[in-house]
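Taken in sequence, the protein lines are chains A and B.
Quick note on numbering: this note's numbering labels position 41 of the first sequence as 918, and the sequence is numbered without any gaps.
Quick note on numbering: this note's numbering labels position 14 of the second sequence as 33, and the sequence is numbered without any gaps.
From the three backbone atoms N, C-alpha and C, an ideal C-beta is built for every residue, glycine too.
Treat the numbers as computed from the prediction; the structure is a model and nothing was measured.
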Amino acid sequence: MNENVIEVSNLTKRFGHFTAVDHITFNVKRGEIFGFLGANGAGKTTAMQMLCGISLPTEGKGTVAGFDIIKENEKIKRNIGYMSQKFSLYEDLKVWENIRLFGGIYGLSDKVIAEKTDELLEKLNFQHERNTLVKYLPLGWKQKLAFSVAIFHEPNIVFLDEPTGGVDPAMRRQFWEMIYSASDRGITVFVTTHYMDEAEYCNRVSIMVDGHIDALDSPSTLRSQFNTESMDEVFRQLARKAKRAD
Amino acid sequence: MKQLIAFVNKEFHHIFRDSRTLLVILGIPIVQILLFGFAINMEVQDIRVAFYDPTPDAFTTGITERIRQNAYFNYLGKVNSMNEMEVVMRKGKLDLAIVFEQDFQENLVHSGNAAVQLLSNSSDPNRGSISVNYAMAIIADYQKDQMNISQIPFQIQTENRMVYNPLMKSSYMFVPGIMGLVMMIICTIMTSVSIVREKERGTMEVLLASPLKHGTMIFAKTIPYMVISFIDFIIILLLSYFVLDVPVNGSLFLLCLIAILYIFLSLSYGLTISTLVDKQVNAVIISAMTAMIPVLMLSGMIFPIDNMPNVLQYFSTIVPARWFIDAIRKVMIQGQGLTMVWKDVLILIGMTVFLLAVTAVNTKKRLE
Chain A
878 MNENVIEVSN
888 LTKRFGHFTA
898 VDHITFNVKR
908 GEIFGFLGAN
918 GAGKTTAMQM
928 LCGISLPTEG
938 KGTVAGFDII
948 KENEKIKRNI
958 GYMSQKFSLY
968 EDLKVWENIR
978 LFGGIYGLSD
988 KVIAEKTDEL
998 LEKLNFQHER
1008 NTLVKYLPLG
1018 WKQKLAFSVA
1028 IFHEPNIVFL
1038 DEPTGGVDPA
1048 MRRQFWEMIY
1058 SASDRGITVF
1068 VTTHYMDEAE
1078 YCNRVSIMVD
1088 GHIDALDSPS
1098 TLRSQFNTES
1108 MDEVFRQLAR
1118 KAKRAD
Chain B
20 MKQLIAFVNK
30 EFHHIFRDSR
40 TLLVILGIPI
50 VQILLFGFAI
60 NMEVQDIRVA
70 FYDPTPDAFT
80 TGITERIRQN
90 AYFNYLGKVN
100 SMNEMEVVMR
110 KGKLDLAIVF
120 EQDFQENLVH
130 SGNAAVQLLS
140 NSSDPNRGSI
150 SVNYAMAIIA
160 DYQKDQMNIS
170 QIPFQIQTEN
180 RMVYNPLMKS
190 SYMFVPGIMG
200 LVMMIICTIM
210 TSVSIVREKE
220 RGTMEVLLAS
230 PLKHGTMIFA
240 KTIPYMVISF
250 IDFIIILLLS
260 YFVLDVPVNG
270 SLFLLCLIAI
280 LYIFLSLSYG
290 LTISTLVDKQ
300 VNAVIISAMT
310 AMIPVLMLSG
320 MIFPIDNMPN
330 VLQYFSTIVP
340 ARWFIDAIRK
350 VMIQGQGLTM
360 VWKDVLILIG
370 MTVFLLAVTA
380 VNTKKRLE
């Protein structure tokens, strides 16, 4: 369990004069649920995109799933799943067509795709929605489906960018159960969120402020370190220092 | 390969699920052909004509009968005075008035010269001048016959300019133009929009984070539009051949080859645009401004290039449709072979290569 699947040191991203991510250094262990917290504009999404190999760092280095994020980003892509902040499935495709598309993109055979599709729909209790166009699904269902599609090819790591934004609390609860079940299967979960109650569900969290990582530890350690009862308060104390406006 | 099939499949689903877009891309060629073929009719027909003939004689009656029997004219009758003629024309009931001078035959026989006045209602200048041309041609025809019969050296002053049938000419002109326009619209606008839509909706990010090769994605994006625009090309060809009677005088194979080349070029242009913008609206505006309007204005589809000011003539050389339309006209209408269109073909190939190179340079494999 102590093997690091993500190792990053001094990772930096500048856009012109603006430093979105400023020398961040951290490790994530295999099977861990790693919460990546921060206010809007703190640099979370940019950092995540560098880890996924879709944005080139200005400075610093790192490895994801054992591959260099600068030179081997194509290999990284085979070993990760990614769920973007914007809804990442195709609304005008049916549920099963979306699953088949991404299965095909990740190179799974038709047979495997067919088997896993049945399995997945059953697990989500989605069988009757197989032929529904995705745009007709409620938001919470869409997000559950998007997550299932992101881990359909059994990646080492899955990156989730605010997966529960706008989803109601009951649905968020179910969503986190899915995250736990993925983690139990050995998939490392790297998740950004705005909800501090969700931070409590993570094994470890980092809190980004203005492009820096200002705190990184398990939720319980952070709470005692900041001498408070809730992650909410920890976050507020750190966020108060932020100079960047939304 | 598997990725490619999965992706092409998805693209076809996008198109077929969006029934409005599908209607537009398959409807455009049909509507255009029917519009230009029937509604926008350059041919002048049903010319309402009346005569004023103060002293009827063999010649004036002969001319009157000829015009009366011509299918393009609708004979309204004779009037008894110029005033009456004016009243009728003012009411808009008359297109052409033909007025013989007093003692037409006598003048013709004695002095060798007689005048006939053609008054056209030129509130529609095109219709007006074409009516006059028709009538002059008929009079000239009559004169020639009379000279052969009677050997009398006389002359009726006319000028003959009816060297072609306007309907045929206009459809010969616009069919290649519509091909150029429709394929440009579909390939350029549709491909650029479909790629930019992925950027706008955020699905592009997910695709970038997947092992899908960028080249595979681009290629997969273009296939459906290639197929659809070729279908459009066939639709236009069939409609022009069977409905508008435009012949295919040259090699059908060469014609298809030129069309495919032009489709490639339009697709490349769509890809180039997609690398430059991030919003669907911008993609549409840029495609429409730079692809559609030049095709309409500067390709020779409607306005002859030779009649343009020099600046515009130079500018028209960078409009791909100009070369495409030129090549299609040569092959389809004039029945020329590759030896006559190699220059157009080379220019189109050059433009395609240039656009693909620009696209390759601009393509971002990572987000910025």
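| query | result |
| --- | --- |
| Status (buried if at least 16 other CB within 10 Å, exposed otherwise) for residue 930 of chain A | buried |
| Sequence-distant residues of its chain with Cβ nearer than 8 Å to residue 1093 of chain A (five each side left out) | 903, 1081, 1082, 1083, 1084 |
| Closer than 7 Å to chain B by CB, residue 1013 of chain A | no |
| Residue-chain proximity (residue 959 of chain A, chain B), Cβ-Cβ < 7 Å | yes |
| Proximity below 7 Å, CB of residue 1055 of chain A to CB of residue 1077 of chain A | no |
| Residue 34 of chain B and residue 243 of chain B closer than 7 Å at C-beta | yes |
| Spatial distance of residue 922 of chain A from residue 1023 of chain A (CA atoms) | 18 Å |
| With 16 other Cβ atoms within 10 Å as the buried cut-off, status of residue 858 of chain A | Lying outside 878 to 1123, the shown extent of chain A, residue 858 of chain A is not represented and no answer is given. |
| Three-way DSSP call (helix, strand, coil) for residue 244 of chain B in this model | helix |
| Same chain only: Cβ atoms within 6 Å of residue 119 of chain B, ignoring 5 sequence neighbours per side | 72, 79, 135 |
| Where residue 1174 of chain A falls: helix, strand or coil (DSSP) | The question about residue 1174 of chain A has no answer, for chain A in this structure spans 878 to 1123. |
| Extent of the continuous alpha helix (DSSP H) to which residue 336 of chain B belongs | From DSSP, residue 336 of chain B is part of no alpha helix (DSSP H); its letter is neither H nor E. |
| Within chain B, partners of residue 974 of chain A - CB distance below 9 Å | 28, 29, 32 |
| Partner residues on chain B for residue 955 of chain A, Cβ-Cβ distance less than 8 Å | 230 |
| Within-7 Å CB hit, residue 297 of chain B to chain A | no |
| Nearest candidate by alpha-carbon position, reference residue 916 of chain A, set A:1039, A:1020, A:1058, A:983 | A:1039 |
| Own chain partners of residue 910 of chain A with C-beta closer than 6 Å, once the 5 adjacent residues on each side are dropped | 1060, 1066, 1079, 1080 |
| Buried or exposed (CB count within 10 angstroms, at least 16 for buried), residue 39 of chain B | exposed |
| In DSSP terms, what residue 1034 of chain A is bridged to | A:957, A:1065 |
| Buried or exposed (CB count within 10 angstroms, at least 16 for buried), residue 179 of chain B | At residue 179 of chain B, the pLDDT of 37 sits below 50, so the modelled position is not reliable; the number obtained from the coordinates is stated separately. Burial call: exposed. |
| Where the beta strand (DSSP E) containing residue 887 of chain A begins and where it ends | 881-892 |
| Proximity test, Cβ basis, 7 Å: residue 221 of chain B and chain A | yes |
| Straight-line gap, residue 199 of chain B to residue 973 of chain A (C-alpha atoms, nearest Å) | 39 Å |
| Given 8 Å, three or more beta-carbon pairs between the region 991-999 of chain A and the region 937-955 of chain A | no |
| Contact between the region 284-302 of chain B and the region 314-331 of chain B (3+ Cβ pairs under 8 Å) | no |
| Test: residue 931 of chain A CB closer than 7 Å to a CB of chain B | yes |
| C-beta neighbour in chain B for residue 978 of chain A, strict 7 Å | yes |
| Beta-bridge partners of residue 270 of chain B, as assigned by DSSP | Answer by DSSP bridge pairing: none, since residue 270 of chain B is not bridged. |
| Which residues DSSP lists as bridging residue 71 of chain B, in chain order | B:98, B:118 |
| Same chain only: Cβ atoms within 7 Å of residue 237 of chain B, ignoring 5 sequence neighbours per side | 290 |
| Cβ-Cβ distance between residue 158 of chain B and residue 115 of chain B below 7 Å | no |
| C-beta neighbour in chain A for residue 227 of chain B, strict 7 Å | yes |
| Three-way DSSP call (helix, strand, coil) for residue 37 of chain B in this model | coil |
| Cβ separation of residue 889 of chain A and residue 949 of chain A, assumed to be a contact under 8 Å, to the nearest whole Å | Not really, about 19 Å apart at Cβ, beyond 8 Å. |
| Under 7 Å between C-beta atoms of residue 1064 of chain A and residue 1028 of chain A | yes |
| C-beta neighbour in chain B for residue 1000 of chain A, strict 7 Å | no |
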